[in-house]
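Be aware that the sequence shown starts at 1321, since it is given in this note's numbering, and climbs by one per residue. Each remark here refers to the structure printed beneath this line.
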Amino acid sequence: MPPILNYAIHLFLAALLLVMFFAIYTRITPYNEVLLIRQGNPAAALSLGGSLIGFSMTIASSLIHTANFEQFFLWAFGAMVVQIVAYFATSHMLKMSRDHIENGNAAYGGLLGAISLSIGAINAACIS
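Rendered as C-alpha coordinates:
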(Lines of atoms letter the chains of each structure in order from A and count residues from 1; the text may use other names and numbers.)
(Lines give C-alpha, C1' and ligand atoms only; values in the text may rest on other atoms or scores of the structure.)
Protein backbone atom coordinates (compact mmCIF):
# COMPACT_ATOMS: atom_id res chain seq x y z
CA MET A 1 0.00 0.00 0.00
CA PRO A 2 1.37 3.47 -0.83
CA PRO A 3 2.46 5.34 2.33
CA ILE A 4 0.08 8.24 1.69
CA LEU A 5 -2.88 5.88 1.46
CA ASN A 6 -1.78 4.10 4.63
CA TYR A 7 -1.53 7.50 6.35
CA ALA A 8 -4.96 8.58 5.11
CA ILE A 9 -6.64 5.37 6.26
CA HIS A 10 -5.06 5.55 9.72
CA LEU A 11 -5.90 9.25 10.06
CA PHE A 12 -9.50 8.66 9.00
CA LEU A 13 -9.93 5.74 11.41
CA ALA A 14 -8.33 7.68 14.27
CA ALA A 15 -10.63 10.65 13.68
CA LEU A 16 -13.64 8.32 13.39
CA LEU A 17 -12.77 6.63 16.69
CA LEU A 18 -12.32 9.98 18.43
CA VAL A 19 -15.69 11.22 17.14
CA MET A 20 -17.31 7.94 18.20
CA PHE A 21 -15.77 8.23 21.66
CA PHE A 22 -16.95 11.84 21.99
CA ALA A 23 -20.49 10.93 20.92
CA ILE A 24 -20.71 7.92 23.22
CA TYR A 25 -19.09 9.65 26.20
CA THR A 26 -21.30 12.73 25.97
CA ARG A 27 -24.40 10.54 25.76
CA ILE A 28 -23.59 8.29 28.72
CA THR A 29 -22.80 11.07 31.15
CA PRO A 30 -25.81 12.36 33.10
CA TYR A 31 -25.14 15.97 32.09
CA ASN A 32 -24.75 17.85 28.82
CA GLU A 33 -21.03 18.65 28.63
CA VAL A 34 -21.25 20.67 25.44
CA LEU A 35 -23.99 22.92 26.82
CA LEU A 36 -22.18 23.31 30.15
CA ILE A 37 -18.92 24.17 28.38
CA ARG A 38 -20.72 26.74 26.23
CA GLN A 39 -21.99 28.26 29.48
CA GLY A 40 -18.41 28.53 30.77
CA ASN A 41 -18.46 25.57 33.15
CA PRO A 42 -14.82 24.67 33.91
CA ALA A 43 -15.68 21.35 35.56
CA ALA A 44 -17.32 20.03 32.40
CA ALA A 45 -14.40 21.22 30.27
CA LEU A 46 -11.82 19.58 32.55
CA SER A 47 -13.71 16.31 32.73
CA LEU A 48 -14.44 16.04 29.01
CA GLY A 49 -11.01 17.33 28.04
CA GLY A 50 -9.29 14.74 30.23
CA SER A 51 -11.38 11.94 28.79
CA LEU A 52 -10.61 13.00 25.20
CA ILE A 53 -6.88 13.30 25.86
CA GLY A 54 -6.84 10.01 27.77
CA PHE A 55 -8.52 8.22 24.89
CA SER A 56 -6.28 9.96 22.35
CA MET A 57 -3.25 8.47 24.13
CA THR A 58 -4.64 5.01 23.43
CA ILE A 59 -5.20 5.93 19.80
CA ALA A 60 -1.60 7.12 19.54
CA SER A 61 -0.27 3.97 21.17
CA SER A 62 -2.40 1.82 18.89
CA LEU A 63 -1.05 3.67 15.86
CA ILE A 64 2.53 3.12 16.96
CA HIS A 65 2.28 -0.50 18.04
CA THR A 66 0.10 -2.19 15.44
CA ALA A 67 1.08 -3.60 12.07
CA ASN A 68 -1.93 -2.52 10.00
CA PHE A 69 -5.09 -0.48 10.14
CA GLU A 70 -7.27 -3.48 11.01
CA GLN A 71 -5.22 -4.22 14.14
CA PHE A 72 -5.11 -0.51 14.95
CA PHE A 73 -8.87 -0.19 14.78
CA LEU A 74 -9.49 -3.26 16.93
CA TRP A 75 -7.00 -2.25 19.65
CA ALA A 76 -8.23 1.35 19.71
CA PHE A 77 -11.87 0.25 19.79
CA GLY A 78 -11.11 -2.08 22.70
CA ALA A 79 -9.35 0.77 24.47
CA MET A 80 -12.48 2.89 23.97
CA VAL A 81 -14.54 0.26 25.74
CA VAL A 82 -12.06 0.23 28.63
CA GLN A 83 -12.18 4.03 28.88
CA ILE A 84 -16.00 4.00 29.00
CA VAL A 85 -16.10 1.23 31.60
CA ALA A 86 -13.58 3.21 33.66
CA TYR A 87 -15.89 6.25 33.51
CA PHE A 88 -18.80 4.19 34.84
CA ALA A 89 -16.66 2.72 37.63
CA THR A 90 -15.28 6.14 38.58
CA SER A 91 -18.63 7.92 38.59
CA HIS A 92 -20.16 5.08 40.62
CA MET A 93 -17.39 5.24 43.24
CA LEU A 94 -17.28 9.04 43.51
CA LYS A 95 -21.07 9.57 43.60
CA MET A 96 -22.84 12.84 42.88
CA SER A 97 -20.74 13.61 39.80
CA ARG A 98 -23.72 15.22 38.11
CA ASP A 99 -24.19 17.76 40.89
CA HIS A 100 -20.49 18.60 41.06
CA ILE A 101 -20.07 18.99 37.30
CA GLU A 102 -23.28 20.95 36.77
CA ASN A 103 -22.36 23.28 39.64
CA GLY A 104 -18.97 23.98 38.05
CA ASN A 105 -16.82 22.33 40.73
CA ALA A 106 -13.51 22.60 38.87
CA ALA A 107 -11.71 20.46 41.44
CA TYR A 108 -14.14 17.61 40.81
CA GLY A 109 -13.96 18.05 37.04
CA GLY A 110 -10.18 18.10 37.28
CA LEU A 111 -10.22 14.88 39.28
CA LEU A 112 -12.45 13.15 36.72
CA GLY A 113 -10.19 14.43 33.94
CA ALA A 114 -7.06 13.24 35.75
CA ILE A 115 -8.57 9.80 36.30
CA SER A 116 -9.41 9.60 32.58
CA LEU A 117 -5.84 10.62 31.73
CA SER A 118 -4.48 8.00 34.11
CA ILE A 119 -6.66 5.27 32.63
CA GLY A 120 -5.68 6.40 29.16
CA ALA A 121 -1.96 6.25 30.00
CA ILE A 122 -2.27 2.77 31.47
CA ASN A 123 -4.43 1.67 28.56
CA ALA A 124 -1.90 3.07 26.07
CA ALA A 125 0.98 1.30 27.80
CA CYS A 126 -0.89 -2.00 27.78
CA ILE A 127 -1.26 -1.76 24.00
CA SER A 128 2.50 -1.55 23.62
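Backbone N, C-alpha and C define an ideal beta-carbon position, used for all residues, glycine too.
A1406, DSSP secondary structure in three states:
helix
Same chain only: Cβ atoms within 8 Å of F1389, ignoring 5 sequence neighbours per side
If we look at F1389 and ignore the five residues flanking it on each side, its Cβ neighbours are N1326, I1329, H1330, L1333.
Helix or strand or just coil, what does DSSP make of T1378?
helix
Minimum C-alpha distance to N1361 - residue among Q1403, G1424, N1443
Considering only alpha carbons, the answer is G1424.
Can you tell me whether F1408 is buried or exposed? The criterion is at least 16 other CB atoms within 10 Å of its CB, across all chains shown.
Counting the other Cβ atoms within 10 Å of the Cβ of F1408 gives fewer than 16, which makes it exposed.
Y1351, DSSP secondary structure in three states
coil
With DSSP collapsed to three states, give me the class of G1360.
coil
Distance between beta carbons of L1337 and I1379, contact taken as under 8 Å
Contact holds; Cβ gap of about 6 Å.
Whose C-alpha, out of P1322, R1418, I1324, Y1345, is nearest the C-alpha of S1436?
Y1345
Report all residues from its chain with a CB closer than 7 Å to the CB of V1354; omit the five preceding and five following residues, and keep chain order.
T1346
Is the Cβ-Cβ distance between L1366 and A1426 less than 8 Å?
yes
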